[in-house]
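Have a look at the structure below before the remarks.
There are 2 protein chains.
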Amino acid sequence: MNNELEQYIKLHFGVIDANELKTISSLFELITIKKGDYFIKHGKRADKLSFVKDGLLRIFAQTGKQEITQWISSKGYFVADISGFVFDNPSRWNIQALVDTQIYTISKDKYNSIGDFIPKWNKVEKLFIVRCFTIMEDRIFSHLSMTAQERYILFFENNKELFNHVPLQYIASMLGMTPETFSRIRKKTLL
Amino acid sequence: MNNELEQYIKLHFGVIDANELKTISSLFELITIKKGDYFIKHGKRADKLSFVKDGLLRIFAQTGKQEITQWISSKGYFVADISGFVFDNPSRWNIQALVDTQIYTISKDKYNSIGDFIPKWNKVEKLFIVRCFTIMEDRIFSHLSMTAQERYILFFENNKELFNHVPLQYIASMLGMTPETFSRIRKKTLL
DNA sequence: TTAATCTCTTGACATTAATCAAGCAATTAA
DNA sequence: TTAATTGCTTGATTAATGTCAAGAGATTAA
């Protein structure tokens, strides 16, 4: 169906046969989420998994009166409320489009069928999740061992492109600091 | 081989047939790690996975001159350098016994053979890792949205027993604060 | 176009947490 | 038993970060 999606799948899930890739990608559907609209709402069913073809999605939660941004997904990233997708729990997160965003999306049922015709899939999938897990480990470690400025620099080095396209307050939140602190660090860091 | 281990596996990996459980648990070996000794050392091969039968293991890393405790595993917990176990990377962590500790341990090769005689294993395993992943999500969220005191209270409520057996400085580190801050919070929190 | 809204920045100030230094138990080693 | 060592606490101080308030510039809506 779509070569671009096949690339993303290959990127995240590793080497799979070209025909298989084609079959998998054909299970996805291309949809558009308008700026401000939600892919997934907190507390609702979240049985979808997606890859961002173009645009930006913000994953966040509400605590009291403030919103905490957990992550921002851009082109090529995969997006889901994993707990909802795997366990049918109500979504832990809100996932909202920051700009008009195109995503390749797949339902849980279709996704689970992949294992039926690609035996290897379960293993491949596990490797993918383990990689996600180690990213989370690193992220926690950054909060245990680094200052706000150090987290800023590390994130900036690896995600320069985001800074031009995303409201900085959201990046501040996902790095665990206020917009004011973020702004001051930015000023003194001069990158 | 061992009913206790079977309980742990069941606890972490969900419902599996009793015979299968028996088979799986027979692949594990019971070993003892003396206080201060290492289960896994940073940078070394880490192709083992274990369950703590009794005792305490501290997972930590060195940054400059300070040690950052990532986690403390007590009775019933599973322990591994996941990235090393799955991808054969050098270990990201040191894992050291805080007291004489008994663990049920399995090599990567034996572990991987489980899937051969229990077809369901790959799926079960995935669910386990996803659960670990959501725990990490929560932990990150706690650093984005909570103060040191709030993290302290949350952790204390869920891990009271640890406080009597583990040097508090390690708990402080794994909650992302200094021992001094931890001590002061403890004093004013009076739990 | 004008008004309203967002977003970022800045300043003044308050709070939180880290650092440094000392001391006191408790534990371990000699 | 005495002497180290370790782990925890406390005080004084400094540094980092948060809060509140205001303003400037850009964007959006009327």
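Here the protein sequences line up with chains Y and D, keeping their order. The opening position of the first sequence corresponds to residue 2 in my numbering, with each subsequent residue numbered one higher. The opening position of the second sequence corresponds to residue 2 in my numbering, with each subsequent residue numbered one higher. Virtual Cβ for every residue (Gly too), placed ideally from N, Cα, C.
Give me the DSSP bridge partner(s) of residue i.
| i | result |
| --- | --- |
| LEU50(D) | ILE107(D) |
| THR1(D) | The structure shown has nothing for residue 1(D), since chain D only spans 2 to 192. |
| PHE79(D) | PHE52(D) |
| TRP72(Y) | ILE60(Y) |
| ALA98(D) | LEU58(D) |
| ILE41(D) | ILE96(D) |
So the alpha helix (DSSP H) residue i belongs to, where does it begin and stop?
| i | result |
| --- | --- |
| TRP122(D) | 122-146 |
| GLY157(Y) | Note that residue 157(Y) is Phe in the sequence shown here, rather than Gly. Unbroken alpha helix (DSSP H) run through PHE157(Y): 149-159. |
| MET175(D) | 169-175 |
| THR1(Y) | Because chain Y in this structure spans residues 2 to 192, residue 1(Y) falls outside the shown range and cannot be described. |
| ILE4(D) | It is Asn, not Ile, that sits at residue 4(D) in the sequence shown. Run containing ASN4(D): 4-14, per the alpha helix (DSSP H) assignment. |
How many whole angstroms separate the CB atoms of residue i and residue j, which I take to be in contact at a CB cut-off of 8 Å?
| i | j | result |
| --- | --- | --- |
| VAL167(D) | ILE73(D) | 6 Å |
| THR102(Y) | LEU57(Y) | 6 Å |
| ILE153(D) | ARG59(D) | In the sequence as presented, Ile is not what sits at residue 153(D); that position holds Tyr. Wrong, their Cβ atoms sit about 18 Å apart, outside the cutoff. |
| ILE186(D) | ALA149(D) | 6 Å |
| LYS121(D) | PHE86(D) | At roughly 20 Å, the Cβ-Cβ gap does not stay under 8 Å, so LYS121(D) and PHE86(D) are not in contact. |
| GLU106(D) | PHE183(D) | Before going further, note that residue 106(D) is Thr rather than Glu in the sequence given. Not confirmed; about 32 Å, so no contact. |
| ILE141(D) | MET137(Y) | 7 Å |
| LYS127(Y) | ASN123(D) | 7 Å |
Please report the residue range of the beta strand (DSSP E) in which residue i lies.
| i | result |
| --- | --- |
| ASN20(Y) | Run containing ASN20(Y): none in the beta strand (DSSP E); it sits in the alpha helix (DSSP H), 19-26. |
| GLU30(D) | 30-34 |
Evaluate contact between the segment 77-92 of chain Y and the segment 47-66 of chain Y, counting only Cβ atoms and requiring at least three cross-stretch pairs below 8 Å.
-> yes
Residues within the segment 176-189 of chain Y neighbouring chain D, beta-carbon criterion of under 7 Å | GLY177
Indicate whether the contact test is met: 3 or more Cβ pairs, each with one atom in the segment 62-69 of chain D and one in the segment 4-20 of chain D, closer than 8 Å.
-> no
Note down, in chain order, all residues in the segment 110-134 of chain D with a beta-carbon under 7 Å from any beta-carbon belonging to chain Y.
-> ASN123, LYS124, GLU126, LYS127, LEU128, ILE130, VAL131, CYS133, PHE134
The segment 174-187 of chain Y touching the segment 85-96 of chain D, judged by at least three CB pairs closer than 8 Å | no
Contact set between the segment 133-147 of chain D and chain Y, restricted to residues whose Cβ is under 8 Å from the partner | CYS133, PHE134, THR135, MET137, GLU138, ARG140, ILE141, PHE142, HIS144, LEU145, SER146
Is the number of C-beta pairs between the segment 139-154 of chain D and the segment 115-127 of chain D that are closer than 8 Å three or more?
-> no
Using Cβ-Cβ distances below 7 Å, what residues of the segment 65-82 of chain Y are close to chain D?
-> ILE69, GLN71
Contact list for the segment 81-99 of chain Y against chain D, Cβ threshold 8 Å | ILE83, SER84, VAL87, PHE88, ARG93
Cβ-based contacts, 9 Å cut-off: residues of the segment 25-58 of chain Y near chain D | none
Closer than 9 Å, Cβ to Cβ, to anything on chain D: give me those residues from the segment 162-177 of chain Y, in chain order.
-> SER174, MET175, LEU176, GLY177
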